[in-house]
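S.K.:
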Amino acid sequence: MSTDHASSSPPGSGGLPRRTVQGALVMAALIGLFFLLREHWSHVAGYWSYLILLACPLMHLFHGHGKHHHHEATPPESTER
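Position 67 (the sequence shown) corresponds to 54 in the working numbering; numbering is contiguous.
#1: Any heavy atom of the ligand SAM closer than 7 Å to the Cβ of residue 24?
#2: So, with DSSP's three-state summary, where would you put residue 2?
#3: Terminal residues of the continuous alpha helix (DSSP H) containing residue 30?
#4: According to DSSP, is residue 19 helix, strand or coil?
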């Protein structure tokens, strides 16, 4: 008779799932941001026009980075024969 049994849980699974920890960190950051904005709303509201003007170039820099290279001189070869 052998008592060699396989473990029921995979090794290294003693902690919380990574997604749960990330979700908790995101929620804590959002709550902190809410209270920060609530306390400093008068300062933020005075700078809305500047924040919008700053957001425009930032969106152009970071939105769709690397996705505008579809204007090639030759069309891609088809694989149909």
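Note that the Cβ used here is the ideal one computed from N, Cα and C, for glycine as well.
These figures come from a predicted structure and were not determined experimentally.
M.R.: With the given structure in hand:
#1: The model on display carries no ligand, and the ligand SAM is accordingly not part of it.
#2: Here residue 2 refers to the residue found at position 15 of the sequence shown. It is coil, neither helix nor strand.
#3: Here residue 30 corresponds to residue number 43 of the sequence shown, with the count starting at 1. Start and end: 28 to 33.
#4: Sequence index remark: in the sequence shown, residue 19 carries index 32 (1-based). DSSP places residue 19 in helix when its eight states are reduced to three.
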